[in-house]
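>
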Amino acid sequence: MAVWPMIPARAAPVRQDSWLAWVRRELFGGWLNALTTLALLAWAVSALPGLADWTLWQAVWRPDADACQAARGSGACWGVIAEKQRLILLGRYPTPEHWRPVLASGLLLALVVASGLRRCWNRWLLPAWLLVWAAFFALMAGGFAGLAPVPTERWGGLPLTLMLATLSILLACPLAVLLALGRRSRLPAIRVLCACYVELVRGVPLISVLFMASFLFPLFLPAGTTPDVLLRVLLGIALFAAAYLAETVRAGLQSVPAGQVDAAASIGLGWWQTQRLVVLPQALGAVVPGLMNSFISIFKDSSLITIVSLYELTGSLGLALSGDPVWRPYMIEGYCFITAIYFVVCAAMSRYSLWVERQQAHALTR
Amino acid sequence: MLNHYASIIRFERVNKWYGRDFHALRDIELEIGRGERVVVCGPSGSGKSTLIRCINALEPFEQGRLVVDGVALGAEGSAKDNADERAVQQVRRRVGMVFQQFNLFPHLSVLDNLTLGPRHVARLSRREAEAQALAQLERVHIAEQAHKFPLQLSGGQQQRVAIARALCLAPQILLFDEPTSALDPEMVQEVLDVMTDLAGQGITMVCVTHEMDFARSVADRIVFMDQGQIVEEAAPAAFFSQPESARAQQFLAKLHRPG
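Just so you know, the protein sequences line up as chains H and P, in that order.
Numbered per this note's numbering, the first sequence spans residues 900 to 1265.
Numbered per this note's numbering, the second sequence spans residues 11 to 269.
1. Show which residues of chain C have a CB atom less than 7 Å away from the CB atom of I1166 of chain H.
2. Please determine, among H:W1054, H:R985, H:L1006, H:A958, the residue with the shortest C-alpha to C-alpha distance to S1208 of chain H.
3. Quick one: is D194 of chain P buried, meaning 16 or more other Cβ sit within 10 Å of its Cβ, or exposed?
4. Return the chain-ordered list of same chain residues with a C-beta closer than 7 Å to the C-beta of T1065 of chain H, the five sequence neighbours on each side being excluded.
5. Would you report the Cα separation of L1002 of chain H and R1017 of chain H, rounded to the nearest angstrom?
6. Which whole runs of the alpha helix (DSSP H) in the region 160-205 of chain P are 4 residues long or more, in chain order?
7. Could you tell me whether any Cβ in chain H is nearer than 8 Å to the Cβ of N113 of chain P?
8. How is T1147 of chain H classed by DSSP in three states: helix, strand or coil?
9. So S1249 of chain H and V1187 of chain H are in contact, right, with Cβ under 8 Å, and what is the actual spacing, rounded?
10. With three or more beta-carbon pairs closer than 8 Å as the criterion, would you say the region 1045-1052 of chain H touches the region 1120-1129 of chain H?
11. N1192 of chain H lies in the alpha helix (DSSP H); which residues open and close that run?
12. Rounded to whole angstroms, what's the CA-CA distance from D187 of chain P to P70 of chain P? Just pull it up for me.
13. Go ahead and pull the three-state DSSP assignment for R1018 of chain H.
14. So is V1103 of chain H buried or exposed if we call it buried at 16+ other beta carbons inside 10 Å?
15. Please list, in chain order, all residues of the same chain as A1112 of chain H whose beta carbon is under 6 Å from its beta carbon, the five residues on each side excluded.
16. With DSSP collapsed to three states, give me the class of Y28 of chain P.
17. In whole angstroms, give me the CA-to-CA distance for K90 of chain P and A1013 of chain H.
18. Along the chain, where does the beta strand (DSSP E) containing I152 of chain P start, and where does it finish?
19. Roughly how many whole angstroms lie between the Cα atoms of E997 of chain H and L989 of chain H?
20. Return helix, strand or coil for F1035 of chain H, following the three-state DSSP convention.
21. Hey, is Q1174 of chain H's beta-carbon within less than 8 Å of any beta-carbon in chain P?
22. Thinking just about the alpha-carbon of each residue, which of P:Q111, P:Q155, P:A143, P:S164 is nearest to the one in V1160 of chain H?
23. Counting only the same chain and skipping the five closest in sequence on each side, list residues whose C-beta sits under 8 Å from that of I1089 of chain H.
24. Does DSSP put Q239 of chain P in a helix, in a strand, or in coil?
25. I want to know whether the region 1219-1230 of chain H touches the region 1162-1176 of chain H - three or more CB-CB distances under 8 Å.
26. Count the other CB atoms, across all protein chains shown, that sit within 10 Å of the CB of I1106 of chain H; report buried if there are 16 or more and exposed otherwise.
27. What is the rounded straight-line gap between the Cα of L1033 of chain H and the Cα of A1047 of chain H?
28. Using beta carbons (cut-off 8 Å, strictly below), is Q1153 of chain H in contact with chain P?
29. Can you tell which of H:R985, H:V922, H:V1148 has the C-alpha that lies nearest to the C-alpha of L1057 of chain H?
30. Using three-state DSSP, classify P1051 of chain H as helix, strand or coil.
31. Out of P:E46, P:P53, P:Q73, point me to the one whose CA is closest to F21 of chain P's CA.
32. In chain order, what residues of the region 157-171 of chain P put their CB closer than 8 Å to some CB of chain H?
33. Between which residues of its own chain and V1155 of chain H is the CB-CB distance below 7 Å, once the five residues before and five after are set aside?
34. Hey, how far is the Cα of F249 of chain P from the Cα of D236 of chain P?
35. Ends of the alpha helix (DSSP H) at A966 of chain H?
36. Does M900 of chain H come out as helix, strand or coil in the three-state DSSP assignment?
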């Protein structure tokens, strides 16, 4: 038998590395590694100068159609964006009223961003949501206090994209939760009904849902009682998205151990209380990446409404350029522009989802 | 034993099946007195956990009747779900339960774990519920952890929080389902100490456990189960020195020679 003295904790050794050693180890460690590095280098050397030439050095930045024409083939024409930005961003909304969709989208964006911040999670949030939505629709539609009425067919561009995405996510979420709970119900009728809904909707492409909402649905209603096309399309997207979200939520529900439900029952909580206070917070927390995945895809899928003649961001780009013979050749530049907008929004959403995950990890770590 | 108490739990020929073939509880007849401390033991799969989970209606049963503090669950001959929702809720407010895996709510702080029942079931205000919760945390010697999250605590601490949570609705009966089986050995004693404290305070306790020293020193009665039925009931002294049934003798012999 022997007894050793306590050993005090020491700091871990830090690897001292020259950058050359790092390059040799990480980029040229092994022949496959070296080959890949060289191939990528060769590609970068051959492709990047041309790309930089087109996007930057040879590009025309002024909205000057003649200069653009001269640079065609060798440089991008970013001037098209300066020239057409209003049409691309706001669609067919009447020009003298453009301040209204800009203000409305600003309010909506501010609301969404604020709702994501922890310090805004208080009792003012719900009234703020109601107020901002009321303001959004009042501004967009007009028809009061001297604001000219603008019918929904003329709404377009980024405001329409933002509104459709936010509102359809907002409507789809509660429905998705109910569907997911329903698929785990003890009552067979509810279980079968929810499963059928999910399978049916997932088995149909969004385009056909939009077609039905836009063209077929009005045929079943008496003339003159059809709700607005925008509302029909919005509901179509929400009902469609709910089926996908429901499966994500169901995965979350399955990840909550049965012991949690036992514990909730043992302190006297009823079924709804158990779901609301114990099961759902954990279930939704477990599937944040999957939920955000669906949200991002809803945001981008909103571009499909072009096919029923509503011109959101993607649609209004086509509208802005294809009708104008002078600027029509610069579609690629236009697409780069809206790609950047989509990317910024989607990247923000995915960063936010990572932040939410980190917050939870913080609370749940040992 | 029983004669000194008024009955608070009464099983009358309770039968339970899992699926068609597994007869989990067989003709259970058991009466437990107010303030009595009963330890249920037996080999694994013998129906101990199922038995005590019936007491707060976590498990439905197919036949028989169970009266808990004057509330009847599953009248004779009733169909599968003996869940008269109201009776179930009444029973659960009078019965607290502690689980093997603690089952604390990991997304809530310790304090919120304790106030959830009082606030949403007993409809106490947040202030009242928190004051009461802190008092219960004192009782299990862990008040300084009130604002931590469950997974930041050790197993022994988590189980003591779970006991405090069960006490928050001021139950008449406390059920323990192998409360120390998931703990590291060095944390078992702190939980048993808390349970021994409670045993001295007049609350009715029904405890499934393999801690035979605890059973010997705290229990008024041992209920020995095997294959879904109650095989033997006895005072601890008698049970441990001279078990009557052959199966209890075998069971105790294995406990004394582990491995």
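Beta carbons are placed, not taken as given, at the ideal position from N, Cα and C, and that holds for glycine.
Note that the structure is a prediction, hence the values are computed from the model and not measured.
Looking at the coordinates:
1. The chain labelled as chain C is not found among the protein chains of the depicted structure, namely H and P.
2. H:W1054
3. exposed
4. L1007, V1011
5. 25 Å
6. 165-177
7. yes
8. helix
9. Contact flag wrong, Cβ pair sits at about 11 Å.
10. yes
11. 1187-1200
12. 17 Å
13. helix
14. exposed
15. R1131, V1132, G1135
16. Y28 of chain P: strand per DSSP, three-state reduction.
17. Residue placement at K90 of chain P cannot be trusted, given a pLDDT of 42 that sits under 50; the coordinates are not used to answer.
18. In the DSSP annotation of this structure, I152 of chain P is not part of any beta strand (DSSP E), being labelled neither H nor E.
19. Contrary to the premise, residue 997 of chain H reads as His rather than Glu in this sequence. If you take the alpha carbons of H997 of chain H and L989 of chain H, they lie about 8 Å apart.
20. helix
21. no
22. The shortest Cα separation from V1160 of chain H among P:Q111, P:Q155, P:A143, P:S164 belongs to P:Q111.
23. G1081
24. strand
25. In short, these stretches do not touch, since the Cβ pair count stays below three.
26. exposed
27. Checking the displayed sequence, the identity of residue 1033 of chain H turns out to be Ala instead of Leu. C-alpha of A1033 of chain H to C-alpha of A1047 of chain H: approximately 17 Å in a straight line.
28. no
29. H:R985
30. Note on residue identity: the sequence assigns Thr, not Pro, to residue 1051 of chain H. Reduced to three states, the DSSP call for T1051 of chain H is helix.
31. P:Q73
32. F159, L161, Q162
33. V1178, Q1181, A1182
34. 15 Å
35. 964-970
36. coil
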